[in-house]
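Just so it is clear: in the sequence shown, position 15 is 15 by UniProt numbering, and no numbers are missing.
Have a look at the structure below before the remarks.
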Amino acid sequence: MENPAQWPEHPAAPAPGQRLIALAEIPDGQGREVVLPAPEGGKPLRLMVLRVGDTARAYVNACRHFGVPLNVRPDHPFVDPGDGSIVCQVHYARYAVEDGRCLGGDCEDRGLAPVPVCVRDGQVCVAAMPGRPPP
Ligand code: FES
Numbered sequence: 001m002e003n004p005a006q007w008p009e010h011p012a013a014p015a016p017g018q019r020l021i022a023l024a025e026i027p028d029g030q031g032r033e034v035v036l037p038a039p040e041g042g043k044p045l046r047l048m049v050l051r052v053g054d055t056a057r058a059y060v061n062a063c064r065h066f067g068v069p070l071n072v073r074p075d076h077p078f079v080d081p082g083d084g085s086i087v088c089q090v091h092y093a094r095y096a097v098e099d100g101r102c103l104g105g106d107c108e109d110r111g112l113a114p115v116p117v118c119v120r121d122g123q124v125c126v127a128a129m130p131g132r133p134p135p
């Protein structure tokens with residue numbers, strides 16, 4: 001998947017309504033990685049899910065610099081508590097939590113690929129995507 005925005009075409013792409021993680025598993029203001037296994041041993045789809053109070057945001061876990069995951073550990077919180085931005089641990093590009101836009105560094109105006117999510121009964125789930133039927 002060269003372009004992270006093409007995630008809906010990934011073999012492991014979650015369907016609208018699919019549960020990703022319990023909101024309570026993510027400390028407020030931080031994120032957690034969710035790895036969705038691909039069928040038949042293919043490459044998994046790696047997402048980051050970020051908690052903002054009672055809401056959540058999600059992005060494909062692929063830095064727009066080299067296309068690699070932003071975290072170096074599975075439990076990495078993704079968000080810098082100093083300025084509240086998402087930070088890539090490879091070369092420290094920074095992205096905005098609210099919309100994934102590049103804030104500085106080697107992302108050079110290329111933002112993270114968003115995955116629409118909602119919180120339902122305490123679970124972060126994939127939301128309806130434009131042009132597709134609701135869950
Ligand atoms: S790979 Fe993320 S900043 Fe270089």
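For every residue, glycine included, the Cβ atom is placed at its ideal position computed from N, Cα and C.
These figures come from a predicted structure and were not determined experimentally.
Judged by DSSP in its simplified three-state form, GLN6 adopts helix. With fewer than three CB-CB distances shorter than 8 Å, the stretch 7-15 does not count as touching the stretch 65-72. Separation of the CB atoms of ARG57 and VAL119 is rounded to 11 Å, and the pair is thereby denied contact status at 8 Å. A straight line joining the alpha-carbon of PRO114 with that of THR55 spans about 15 Å.
Between ALA93 and the set VAL52, PRO81, LEU112, the nearest pair of CA atoms involves LEU112.
In the three-state DSSP reduction, PRO114 falls in the strand class (E or B).
Taken through DSSP and simplified to helix, strand or coil, LEU23 comes out as helix. Sixteen is the threshold: since fewer than 16 other Cβ atoms of the shown chains lie within 10 Å of the Cβ of ASN3, the residue is exposed. Restricting attention to GLY82, VAL97, ASP83, CYS63, the CA atom closest to the CA of HIS91 is found in CYS63. By the Cβ neighbour-count rule, ARG46 is buried, with 16 or more other Cβ atoms within 10 Å of its own.
Taking all protein chains shown into account, GLU98 has fewer than 16 neighbouring C-beta atoms within 10 Å of its C-beta and is therefore exposed.
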